[in-house]
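Enquirer: Please find one structure pasted underneath; my questions will follow.
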Amino acid sequence: MRSISDAQAIILDLVQPLDNRRDTEVVDLLAADSRILATPVTSPLDFPHWDNSAIDGYAVQYEDVQDSSAEKPTLLEIVEDIPAGYQPKSAIGPGQAARIFTGALMPVGADTVVMQEKTRREQNRVFILAAPKPQEFVRHKASFYQAGTQLLPAGIKLNAPEIAVLAAAQCSQLNVYRRPRVAIFSTGDELVTVDESLQPGQIVDSNQYALAALVRESGAKPLVLGIVKDEPVALEKVMTHAIAIADIVISSGGVSVGDYDYIDKILESLKAKIHISAVDIRPGKPLTVATLPVVPNPQLPYSLLPTQNSTLYFGLPGNPASVLVTFWRFVQPAIKKLSGITGDWEPVFLKVRSHHELRSDGKCETYLWGRLHLIDGVYEFHKAGGSHSSGNLVNLAQTNALAVLPVGKTLISPQEEVQVLRLG
Ligand code: AMP
Ligand code: MG
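Following our numbering, the numbering of the sequence shown begins with 2 at its first residue and continues without gaps.
Here it is as structure tokens:
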């Protein structure tokens, strides 16, 4: 049995990030949000592109106005109006000013902008009522970014701020990592699809839907392979196919010690290296993690040809709560590392206050699901009501955090501090 921290280290060690020479694609900027940049971006444009005004006011020569005050205002002649987007026609000489607006080009000769509120206008003249600082309110060309240097590094996720930067730099197409491919299938004779009518003893395969959603939320592409019966031949066929087409394979069910739990045996027969066969976690203890050598199938379309030397296999236990918890705790960090993103792949834990009493038998690291609520500016964890059995799925709805009770900890009292894994 592996501890959770050992299991996490082993899993992250097994993941090779996608290759920025092969595993990339070009996307339009409008479709680039949430993607991972694969090539650093450099712009031929300076930011700002030109010297311009940071406010609405008057462009002046500092020397003219340095002694201005309300009692002794400086009087300047207005030679031009410069709205944003227009090129100034006149140069500013001594005793002159231009009316200027935010973002407008600084006219030649002016070096400072006096804010409108510190002036009084009279027809074609303006009184400067306070001395500005030299060069005040001028945004100088290239003061934010110099053309030709790195604007954005590779390995970052493109969110709204990065998309804005790329738009301003006129990068209409981006080289991003392809989405990791994650094959998913469910195992169990008792499973039916959402559309089939239930016979006695049957249950709906909810794991496949949960996993497809989780994979997509993680920025990867789910390859949904359906339900497979607890039959070694059928399982081996699907597993062989999944390994050939995906970077990561996730199955649910069949990894426990029951008579119909075949996954580990088939992995062995497929020459897999089994790195983890159980983890000290509840729910999710029978988790299997293996790697399998990839044998490319020449009949597969190019888009499905593997680029890694081995495929990472997660055999998740079948219980619906186990699937969610083990995905969040172990699979998501692996997908993150694979995706090409640089930085921290590990899950993020927060220390918060527990609203309810939390209990465990102390034998395994225990994860209880619930919601974080902001109470007077402090996060409080509210455990979901109802059963925390790994077979109960219903009260997992609306979960946004998992409270963690470490091995040996049997009780966390109300208002006591608790570590939570924040989701989403
Ligand atoms: P197993 O890990 O195969 O022993 O399954 C453990 C429990 O999870 C059993 O009660 C199964 O019926 C249930 N289960 C297995 N696979 C699924 C699935 N795809 N969707 C929902 N429940 C499942
Ligand atoms: Mg089963």
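C-beta atoms are modelled at their ideal positions from N, C-alpha and C, and glycine is treated no differently.
Note that the structure is a prediction, hence the values are computed from the model and not measured.
Say yes only if the C-beta of D206 is nearer than 7 Å to one or more non-hydrogen atoms of the ligand MG, and no if none qualify.
Expert: Here the question's residue 206 lines up with position 205 in the sequence shown. Flag unset: Cβ of D206 not near the ligand MG.
Enquirer: Contact defined as beta carbons within less than 8 Å: I believe Y368 pairs with P294. What is the distance between those atoms, to the nearest angstrom?
Expert: Start at 1 with the first residue of the sequence shown, and residue 368 comes out as number 367. Start at 1 with the first residue of the sequence shown, and residue 294 comes out as number 293. In fact, because the Cβ distance is near 33 Å, the residues do not count as touching under 8 Å.
Enquirer: Just checking my contact of I11 with I277 at CB under 8 Å: how many whole Å lie between their CB atoms?
Expert: Within the sequence shown, the letter at position 10 stands for residue 11. Within the sequence shown, the letter at position 276 stands for residue 277. With 8 Å as the limit, I11 and I277 qualify as a contact, their Cβ atoms being about 6 Å apart.
Enquirer: Just checking G259 against the ligand AMP - is the residue's beta carbon closer than 7 Å to any of the ligand's heavy atoms?
Expert: Within the sequence shown, numbered from 1, the residue matching residue 259 stands at position 258. Indeed, a heavy atom of the ligand AMP lies less than 7 Å from the Cβ.
Enquirer: Can you list the beta strand (DSSP E) stretches of 3 or more residues lying completely in the segment 46 to 91, in chain order?
Expert: Listed in chain order, they are 58 to 61 and 75 to 83.
Enquirer: Is it true that the segment 370 to 382 meets the segment 214 to 222, where meeting means three or more beta-carbon pairs spaced less than 8 Å apart?
Expert: Cβ pair count under 8 Å is below three, so no.
Enquirer: Should Q299 be listed as close to the ligand AMP, given that the test is whether its C-beta is under 7 Å from any heavy atom?
Expert: Walking along the sequence shown from the start, residue 299 turns up at place 298. For the sequence presented, residue 299 should be read as Pro rather than Gln. No; taking the cut-off as 7 Å, the Cβ of P299 has no heavy atom of the ligand AMP nearer than that.
Enquirer: Less than 7 Å between the CB of T327 and some heavy atom of the ligand MG, yes or no?
Expert: On the sequence shown, position 326 is the one that residue 327 refers to. No, since every heavy atom of the ligand MG falls outside the 7 Å radius drawn around the Cβ of T327.
Enquirer: For the ligand AMP, any of its heavy atoms closer than 7 Å to the Cβ of G202?
Expert: Along the sequence shown, one-based indexing puts residue 202 at 201. Outside the cutoff, so no.
Enquirer: DSSP three-state label for T343, please.
Expert: Mapped onto the sequence shown, residue 343 falls at position 342. DSSP places T343 in coil when its eight states are reduced to three.
Enquirer: Between I185 and V225, how many whole angstroms is the CB-CB distance? I'm expecting something under 8 Å.
Expert: Indexing the sequence shown from 1 puts residue 185 at position 184. Indexing the sequence shown from 1 puts residue 225 at position 224. I185 to V225, Cβ: 5 Å. Contact.
Enquirer: In its own chain, which residues sit with a C-beta less than 8 Å from the C-beta of P95, not counting the 5 before and 5 after it?
Expert: Position 94 of the sequence shown, counting from 1, holds the residue named residue 95. Taken in chain order, the residues that qualify are Q62, E64 and D65.
Enquirer: Sort out for me which residues DSSP pairs D29 with in a bridge.
Expert: Here the question's residue 29 lines up with position 28 in the sequence shown. D29 is bridged to Q174.
Enquirer: Could you check whether the segment 80 to 87 touches the segment 175 to 191, counting it as contact only if at least three pairs of C-beta atoms, one from each stretch, sit closer than 8 Å?
Expert: Judged by Cβ distances under 8 Å, the segment 80 to 87 makes no contact with the segment 175 to 191, as fewer than three pairs qualify.
Enquirer: Identify the continuous beta strand (DSSP E) that holds E366 and give its terminal residues.
Expert: Here residue 366 refers to the residue found at position 365 when the sequence shown is read from its first residue. Residues E366 to I376.
Enquirer: Do T289 and the ligand MG come close, with the Cβ less than 7 Å from some heavy atom?
Expert: In the sequence shown, residue 289 corresponds to position 288, counting from 1. Checking the Cβ of T289 against the ligand MG gives no.
Enquirer: To which residues of the same chain is A78 closer than 8 Å at the C-beta, ignoring the five residues directly before and after it?
Expert: For the purposes of this step, residue 78 is taken as residue 77 along the sequence shown, with counting starting at 1. The question names Ala, yet the displayed sequence has Glu at residue 78. Once the five neighbours on either side are set aside, the close Cβ partners of E78 are G96, Q97, A98, N125 and R126.
Enquirer: Would you mind listing the beta strand (DSSP E) stretches within the segment 243 to 326 that are 3+ residues and don't spill past its ends, in chain order?
Expert: Runs found: 249 to 253, 274 to 277, 289 to 294 and 311 to 317.
Enquirer: Under the three-state reduction of DSSP, which class applies to I129: helix, strand or coil?
Expert: Along the sequence shown, read from residue 1 onward, the residue named residue 129 stands at position 128. Residue state, collapsed to three classes: strand.
Enquirer: For R122, does the count of other Cβ atoms within 10 angstroms reach 16, so buried, or fall short, so exposed?
Expert: Along the sequence shown, read from residue 1 onward, the residue named residue 122 stands at position 121. Exposed, since its Cβ has fewer than 16 Cβ neighbours within 10 Å.
Enquirer: What residue range does the beta strand (DSSP E) around V115 cover?
Expert: Taking the sequence shown and counting its residues from 1, one reaches residue 115 at position 114. Note, V115: beta strand (DSSP E), T113 to M116.
Enquirer: Which residue or residues does DSSP assign as beta-bridge partners of T43?
Expert: If you number the sequence shown from 1, residue 43 lands on position 42. According to DSSP, T43 bridges with Q151.
Enquirer: Is G426 close to the ligand AMP? I mean its beta-carbon at under 7 Å from any heavy atom of the ligand.
Expert: What is shown of the chain runs 2 to 425, which leaves residue 426 out entirely.
Enquirer: Compare the C-alpha of A32 against each of R354, E347, Q333 and N160 and name the closest.
Expert: Taking the first residue of the sequence shown as 1, we reach residue 32 at position 31. Per the Cα distances, N160.
Enquirer: What number of angstroms, rounded off, separates the C-alpha of V395 from the C-alpha of W370?
Expert: The count along the sequence shown starts at 1 and reaches residue 395 at position 394. The count along the sequence shown starts at 1 and reaches residue 370 at position 369. Taking the straight line joining both Cα atoms gives about 11 Å.
Enquirer: Return yes when the C-beta of T188 is under 7 Å from any heavy atom of the ligand MG, and no when it is not.
Expert: Position 187 of the sequence shown, counted from the start, is the residue given in the question as residue 188. Yes, since a heavy atom of the ligand MG falls inside the 7 Å radius drawn around the Cβ of T188.
Enquirer: According to the Cβ coordinates, are V166 and L175 closer than 8 Å?
Expert: Start at 1 with the first residue of the sequence shown, and residue 166 comes out as number 165. Start at 1 with the first residue of the sequence shown, and residue 175 comes out as number 174. The answer is no: Cβ separation not under 8 Å.
Enquirer: Would you be able to state if there are at least three C-beta pairs under 8 Å between the segment 310 to 319 and the segment 343 to 359?
Expert: No contact exists between the segment 343 to 359 and the segment 310 to 319.
Enquirer: Quick check on the burial criterion: 16 or more other C-beta atoms within 10 angstroms. Buried or exposed for D7?
Expert: Residue numbering aside, residue 7 sits at position 6 when the sequence shown is read from its first letter. Looking at its Cβ environment, which holds fewer than 16 other Cβ atoms inside 10 Å, D7 is exposed.
Enquirer: Express the C-alpha separation of P287 and S257 in angstroms, rounding to a whole number.
Expert: By one-based count along the sequence shown, residue 257 stands at place 256. By one-based count along the sequence shown, residue 287 stands at place 286. Whole-angstrom Cα-Cα distance: 6 Å.
Enquirer: DSSP beta-bridge partners for V405?
Expert: Along the sequence shown, one-based indexing puts residue 405 at 404. DSSP lists Y368 and Q420 as partners of V405.
Enquirer: Would M2 be called buried (16 or more neighbouring beta carbons within 10 Å of its own) or exposed?
Expert: In the sequence shown, counting from the first residue as 1, residue 2 sits at position 1. That one is exposed.
Enquirer: Where A245 and V290 are concerned, what is the direct C-alpha to C-alpha distance, given to the nearest angstrom?
Expert: If you number the sequence shown from 1, residue 245 lands on position 244. If you number the sequence shown from 1, residue 290 lands on position 289. Whole-angstrom Cα-Cα distance: 17 Å.
Enquirer: Are the CB atoms of N53 and G104 within a distance shorter than 8 Å?
Expert: Start at 1 with the first residue of the sequence shown, and residue 104 comes out as number 103. Start at 1 with the first residue of the sequence shown, and residue 53 comes out as number 52. Yes. Within cutoff.
Enquirer: Cutting at 8 Å between CB atoms, please list the residues of its own chain near F350, excluding the five before and the five after it.
Expert: Start at 1 with the first residue of the sequence shown, and residue 350 comes out as number 349. Hits under 8 Å: V405, Q420, V421, L422 and R423.
Enquirer: Between S278 and the ligand AMP, is the CB less than 7 Å from at least one heavy atom?
Expert: By one-based count along the sequence shown, residue 278 stands at place 277. S278: no, Cβ never under 7 Å from the ligand AMP.
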